[in-house]
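Engineer: Be aware that the sequence shown starts at 1311, since it is given in this note's numbering, and climbs by one per residue.
Idealized CB from N, CA, C, for every residue including glycine.
The structure is given below, and queries will be raised subsequently.
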Amino acid sequence: MHVLHALHRLDERTVPQLRRRSATKAAAQNVNYRHAFHAGNFADVVKHVALVAILLHLRKKDKPFRVIDTHAGRGIYDLDSEAAQRTGEASGGIARLGDLSGASLPPALATYLDIVRATGAARYPGSPLIAAQLLRESDKLIAIEKHPEDEAVLAQTLARFKNAKSTCADGYARLAALLPPPERRGLVLIDPPFEAENEFAQLVQALAGARRRFATGIALVWYPIKSTAASDAFAGEVLAGGAQDIARITIDIGRDAKGDKDRLSAAGLLVVNPPYGFVEKMRAAASLLGPRLGRTDGTPAKIAIDGAGDL
Ligand code: SAM
């Protein structure tokens, strides 16, 4: 089942084409997924607003924090690139937010939009570039990316931030060695490509390990939703693994009339140890994002946000 998810997130080619490719060049690295096809889509927007909301919370205290981004991507994306243009996904995501501005925006959404707009026209910042810009002098970012080409771009993108660094490695394997962080405060962002059939199982294991080593840490996890049952089972396993407090966000843009069943139409975010007020802050942002994000026919996205009390 998760192989199908992986295909949703790959690109627009056919399954045989993808199989041929994975048998050659990409097999050497064991990474086929390229985020350039999906940067700035509806799921990226909500994920990155949630990331900003968490980092703004961590910045409230004087104590330093650390961000570990286990599947970081390349850090910056060109929305005019052939890959981005082929899927056109940003047109149902970041491109819909042009009218949002002003002092009355929820702070996480306002900060996210400031960062995106400062990145430049037709450029979209990935999670490590967003996080790097929200670090204070004493905070740190470790960004892990397995694809060597993407990691090389990421290293260049982060070069101007002295407290952010990237590494080319397996994010799950490296995470265990990085916890607990010396600061004992911070965020682990796990945003895998869902190429592996056992990605949910790997996530559950990674979160249980993170909890054992860094029980008070915040974790933000992205996943594609193919069935409510699978995403409920995932949340259930995370709780069974010892997580005490979680919040969940689901974003559903539905399918268009053409019914392209291979295209991602729903995604989820699971937050372990959500910061105080996170659910309310995300609901405020979602009230502005829901009507804008979505399909080309203008049907609004459904964004549901549940805190511990609702689950
Ligand atoms: N977090 C990024 C953002 O929000 O801008 C997007 C990340 S993208 C969904 C997933 C990334 O994980 C891809 O760049 C892929 O090359 C990388 N990847 C795949 N397997 C990995 C692994 N085992 N460890 C680290 N990175 C991996």
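Using 8 angstroms as the Cβ pair cut-off and three pairs as the minimum, do the region 1404-1412 and the region 1479-1486 touch?
Structural biologist: The region 1404-1412, when compared against the region 1479-1486, does not touch it at the 8 angstroms Cβ threshold.
Engineer: Measuring CB to CB, does Ala-1304 end up less than 9 angstroms from Val-1355?
Structural biologist: Outside the shown range of the chain, which is 1311 to 1621, sits residue 1304, and nothing can be said about it.
Engineer: Just checking Lys-1357 against the ligand SAM - is the residue's beta carbon closer than 8 angstroms to any of the ligand's heavy atoms?
Structural biologist: Lys-1357: yes, Cβ under 8 angstroms from the ligand SAM.
Engineer: For the region 1381-1395 against the region 1447-1461, do three or more pairs of beta-carbon atoms, one drawn from each stretch, fall closer than 8 angstroms, so that the two count as touching?
Structural biologist: Because the criterion of three Cβ pairs below 8 angstroms is met, the region 1381-1395 and the region 1447-1461 touch.
Engineer: Does the distance from the C-beta atom of Glu-1376 to that of Asp-1449 stay below 9 angstroms?
Structural biologist: Contrary to the premise, residue 1376 reads as Arg rather than Glu in this sequence. In this structure, Asp-1449 lies closer than 9 angstroms to Arg-1376 by Cβ.
Engineer: When the Cα atoms are used, what is the spatial distance from Ala-1545 to Asp-1424?
Structural biologist: Taking the straight line joining both Cα atoms gives about 32 angstroms.
Engineer: Mapping DSSP to helix, strand and coil, what is Glu-1447?
Structural biologist: Here Glu-1447 sits in coil by DSSP.
Engineer: So, is Arg-1558 buried or exposed, given that buried needs 16 or more other C-beta atoms within 10 angstroms?
Structural biologist: By the neighbour-count rule (16 or more Cβ atoms within 10 Å), Arg-1558 is buried.
Engineer: Can you tell which of Glu-1455, Ala-1577, Ser-1476 and Ile-1563 has the C-alpha that lies nearest to the C-alpha of Ala-1540?
Structural biologist: Among Glu-1455, Ala-1577, Ser-1476 and Ile-1563, the Cα nearest to that of Ala-1540 belongs to Ala-1577.
Engineer: Take Leu-1499 as the anchor and find which of Leu-1603, Thr-1477 and Pro-1438 has the nearest alpha-carbon.
Structural biologist: Comparing Cα-Cα distances from Leu-1499 to each of Leu-1603, Thr-1477 and Pro-1438, the minimum goes to Pro-1438.
Engineer: State the Cα-Cα distance for the pair Leu-1314 and Glu-1447, rounded to the nearest angstrom.
Structural biologist: At Leu-1314 the pLDDT is 29, less than 50, meaning the model places this residue with poor confidence and gives no usable figure here.
Engineer: Within the present structure, is the beta-carbon of Asp-1480 separated from the nearest heavy atom of the ligand SAM by less than 8 angstroms?
Structural biologist: Checking every heavy atom of the ligand SAM against the Cβ of Asp-1480, one is found closer than 8 angstroms.
Engineer: For Lys-1357, which of helix, strand or coil comes out of DSSP?
Structural biologist: Correct three-state label for Lys-1357: helix.
Engineer: Is Arg-1384 close to the ligand SAM? I mean its beta-carbon at under 8 angstroms from any heavy atom of the ligand.
Structural biologist: Under cutoff, so the answer is yes.
Engineer: Residues in its own chain within less than 6 angstroms of Ala-1441 by CB, not counting five upstream and five downstream?
Structural biologist: Here the set comprises Val-1377 and Leu-1451.
Engineer: For the ligand SAM, is there any heavy atom lying closer than 8 angstroms to the beta carbon of Pro-1490?
Structural biologist: Result no, Cβ not under 8 angstroms from the ligand SAM.
Engineer: Check whether the region 1390-1400 and the region 1521-1536 touch, using three or more Cβ-Cβ pairs below 8 angstroms as the test.
Structural biologist: With the cut-off at 8 angstroms, the region 1390-1400 and the region 1521-1536 do not touch.
Engineer: Tell me which same chain residues have a C-beta within less than 7 angstroms of the C-beta of Val-1426, skipping the five on either side of it?
Structural biologist: So the list reads Ile-1404, Tyr-1434 and Pro-1435, once near-sequence residues are dropped.
Engineer: Only counting the same chain, and skipping five residues up and downstream in sequence, which positions put a Cβ closer than 8 angstroms to that of Leu-1599?
Structural biologist: Excluding sequence neighbours, Leu-1599 sits near Val-1355, Val-1356, Val-1359, Leu-1407, Leu-1419, Ala-1611 and Ile-1613.
Engineer: Using only the heavy atoms of the ligand SAM, determine whether one of them is closer than 8 angstroms to the beta carbon of Ser-1437.
Structural biologist: Result yes, Cβ under 8 angstroms from the ligand SAM.
Engineer: In chain order, what residues of the same chain have a beta carbon less than 7 angstroms from the beta carbon of Arg-1602, not counting five sequence neighbours either side?
Structural biologist: Only Arg-1406 and Leu-1407 meet the Cβ criterion.
Engineer: Name the residue from Gly-1527, Pro-1490, Val-1341 and Leu-1517 whose alpha carbon lies nearest to the alpha carbon of Cys-1478.
Structural biologist: Closest option to Cys-1478, Cα to Cα, is Val-1341.
Engineer: Could you pull out every residue in the same chain whose Cβ sits closer than 7 angstroms to the Cβ of Asn-1351, ignoring the five residues on either side in sequence?
Structural biologist: Here the set comprises Glu-1399, Ala-1400, Gly-1402 and Gly-1403.
Engineer: Apart from the five residues just before and just after Ala-1393, which ones in its own chain have a Cβ nearer than 8 angstroms to its Cβ?
Structural biologist: Result list for Ala-1393: Asp-1321, Arg-1344, Ala-1346 and Phe-1347, in chain order.
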